[in-house]
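Working notes, beginning with the structure itself.
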């Protein structure tokens, strides 16, 4: 009887352990689904905001902190930045630094390359244009459209407070290599188009993919990794394959 009782107890413990492990995996999987769904919903709303306001919007993902935020960009040409600022950083300081760098590059040009005695703002634009730094004229700030916060407080959301679901990598058209750390931005344009992008969210067991289509700005969710990311990113609006991103 004693041996039989021990076997029964061991069997019960094993069953409970199996059920507990399954429950943990189910909860982790639920976190990945919820985090992926919410991020995809934010991207869809960002695309709508760009079309409604006529201003470029972008979703900035911080892979180190596992957070994301929505920014609205105003001023300057339609250039996109490959290095978005840390939330709260001064865009004015970045612009001044870009202007100084541009003027330093122009110092080696023949005298008279910069318009002398004209509007200082136009001279600044000319310096930036000649140095290829026009993107510095575009300023991006955190959007409060999703929170309804009229006081303009920052909106930075954690992907998953439990930290079981994480953005593992992001691929975007304006960058050659996948981003696995630091900041990366996905841009949505006023006419309804967007920058092609792939965002992978996983927990170590299951990986979901969020695909942003370029021509329509459509956001698609798949319950698996994209097998050939370049096949998606290296096609133009008509579906033709291009040589470079």
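In our numbering, the protein residues as written are 84 to 328.
Ideal Cβ positions, reconstructed from N, Cα and C, are used throughout, including at glycine.
Since the structure is predicted, the reported quantities are computational estimates derived from the model, not experimental observations.
List in chain order: all unbroken alpha helix (DSSP H) runs of 4+ residues lying wholly within the segment 282 to 318.
312 to 316
Close Cβ partners of residue 106 (< 6 Å) along its chain, the five nearest in sequence each way excluded:
Here residue 106 scores only 45 on pLDDT, less than 50, and its place in the model should not be relied on; the value that follows carries that caveat. Cβ neighbours of residue 106 beyond the five flanking positions: none.
Of all the options 309, 154, 275, 98, which has the alpha carbon lying nearest to the alpha carbon of residue 252?
309
With a CB to CB cut of under 6 Å and the five nearest residues on each side skipped, what residues in its chain are close to residue 285?
251
When you compare the CB positions of residue 119 and residue 291, do they come within less than 8 Å of one another, or not?
Less than 8 Å separates the beta-carbon of residue 119 from that of residue 291.
Please state whether DSSP places residue 242 in a helix, a strand or coil.
coil
Out of curiosity, what's the CA-to-CA distance linking residue 254 and residue 282?
It is roughly 7 Å from the alpha-carbon of residue 254 to the alpha-carbon of residue 282.
For residue 248, which of helix, strand or coil comes out of DSSP?
In this structure, residue 248 counts as coil in the three-state DSSP scheme.
What is the DSSP secondary structure of residue 171, counted as helix, strand or coil?
With a pLDDT of 49 at residue 171, under the threshold of 50, the modelled position of this residue cannot be trusted; read the value that follows with caution. Three-state result, residue 171: coil.
Residue 288 versus residue 114: straight-line alpha-carbon distance, rounded:
12 Å
Given a cut-off of 8 Å, decide if residue 268 and residue 132 are closer than it, judged by their beta-carbon atoms.
no
Report all residues from its chain with a CB closer than 7 Å to the CB of residue 121; omit the five preceding and five following residues, and keep chain order.
Once the five neighbours on either side are set aside, residue 121 has no close Cβ partner at all.
Verify the CB distance criterion: does residue 263 have a CB-CB separation below 8 Å to chain C?
No chain C appears in the structure shown, which is made up of a single protein chain.
Could you spell out where the beta strand (DSSP E) holding residue 145 opens and where it closes?
139 to 145
Would you give the residue range spanned by the beta strand (DSSP E) that residue 222 belongs to?
222 to 225
Could you name the residues that DSSP lists as bridge partners for residue 269?
142
Given that a residue counts as buried once 16 or more other Cβ atoms are within 10 Å of its Cβ, and exposed if not, what is residue 226?
buried
Roughly how many angstroms separate the alpha carbons of residue 138 and residue 153, rounded to a whole number?
13 Å
Separation of residue 86 from residue 97, as counted between CA atoms
The C-alpha of residue 86 is placed about 16 Å away from the C-alpha of residue 97.
Excluding the five sequence neighbours on either side, which residues of its own chain have a C-beta within less than 8 Å of the C-beta of residue 248, listed in chain order?
111, 114, 115, 117, 118, 119, 242, 284, 285, 286
With which residues is residue 155 paired in a DSSP beta bridge?
Bridge partners of residue 155: 140, 224.
Residue 270 and residue 278 look like a contact to me (Cβ under 8 Å); what is the Cβ gap, rounded to whole Å?
4 Å
Residue nearest to residue 157 in terms of C-alpha spacing, selected from 140, 148, 151, 144:
140
Would a C-beta distance cut-off of 8 Å place residue 126 and residue 142 closer than the cut-off?
Contact check for residue 126 against residue 142 passes: the beta carbons are separated by less than 8 Å.
Can you give me the C-alpha to C-alpha distance between residue 300 and residue 275, rounded to a whole angstrom?
6 Å
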